[in-house]
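Residues in the sequence shown are numbered from 582 upward in steps of one, following my numbering.
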Amino acid sequence: MSPVEFTAGAANASHFRNTASVIDRTRMHFERAHQRGLMGVYGRSLEGRAVMITEGERRGDTMADYVRCCYLGLDNHPAIVAGAVAAIKEYGSLHWSCARTRLNFGLVGELEGLLSQLFGARIITYSTVMIANMGALPIIASGHLTGGQRPVMVFDRLAHASLAFHKPVVAEETQVETIPHNDLDALEQLCRKHPIVAYVCDGVYSMGGFAPIEGLLELQEKYGLFLYIDDAHGISLFGESGEGFARSQLPNELGERTIVAASLAKGFGASGGMLMLGTAYQEELFRCYSIPHAFSA
């Protein structure tokens, strides 16, 4: 496929995404990675980290896998696999093409109840963390979790793509700002300038480092800062019950100004994402108005 050339500056500077620029800058590197068999690899899981290649010139080769984020090696654990098979047989279906506002697997309700006990929060599960973020961020931006006043949504510069991707949608609701990585001074300046601020960040960052949870809690205490922390990479690795880097440092009661997103597909070796909510009102709102919860597509 021939690359397409775009005129410099064609994208509006006020926009939060420039896909044309991303493709233009990275296409050569992606093509080389694919040519060398480093991307787009298909295989099947063997034992431990071993993977057998199932397609292409290296079909049948076995290699050690260092790209999966299943930190505890549970994604192919016999007990996990057997549990998934047993659940499908018990419920007689793999998927209901139905909005969760209408009908849910009983097993999902059981899972959410157990996770709520485990993490000391109200849990809603989603098929991925990115979808959980897609459902949560516009609701926060709407102001319905901050007393009817729309918050200024502040994203950390290194917030994961599954967070940053939603900036344009959030910007339809309210003002969006991006600050340097872990810059508490910049965040505090915005808290002083605006009556309501919501900060969007990772707990443990995918490329290294972590959020200054203690400093963020101080700003929350001082200014009422709303915190939305995606701890997909910290979940299962920290805390007595694997509640994650962020949740293990937060108060026993999350309250009305903190939401934690997390993954079941990394350390826990399962599939899906979840939101840890602090109030019944938040749960009620999300179960009605979170787009991924209300539509089955």
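We treat Cβ as the ideally placed atom computed from N, Cα and C, and that holds for glycine.
Alpha carbon of residue i to alpha carbon of residue j, nearest angstrom
i	j	result
ILE760	ARG738	6 Å
THR755	GLY724	9 Å
GLY859	HIS596	33 Å
ASP656	TYR707	18 Å
ASP764	LEU771	11 Å
ARG639	HIS762	41 Å
ASP642	GLN863	49 Å
ALA663	ARG731	46 Å
ARG838	LEU619	42 Å
Proximity below 7 Å, CB of residue i to CB of residue j
i	j	result
ILE705	SER697	no
ALA645	ARG630	yes
ALA767	CYS782	no
GLY836	GLY825	no
VAL757	MET788	no
ILE810	GLY784	yes
TYR870	ILE720	yes
ALA813	ALA779	no
THR607	TYR623	no
PHE700	ARG828	yes
Whole-angstrom C-beta distance between residue j and residue i, which should lie under 8 Å
i	j	result
LEU558	LEU808	The question about residue 558 has no answer, for the chain in this structure spans 582 to 878.
MET609	ALA713	That belief does not hold up - the Cβ atoms of MET609 and ALA713 are roughly 33 Å apart, past 8 Å.
GLY853	THR709	7 Å
For residue i: DSSP bridge partner residues
i	result
CYS782	ILE810
PHE791	VAL785
ARG828	DSSP, once it has assigned bridges, lists no residue as partnering ARG828.
ALA842	ASP811 and LEU856
THR706	MET855
VAL733	VAL778
ILE760	ASP737
**Request:** Give, in chain order, every unbroken run of the beta strand (DSSP E) that is at least 3 residues long and sits entirely within the stretch 609-693.
**Result:** Fully enclosed beta strand (DSSP E) runs of 3 or longer: 624-626, 631-634 and 643-645.
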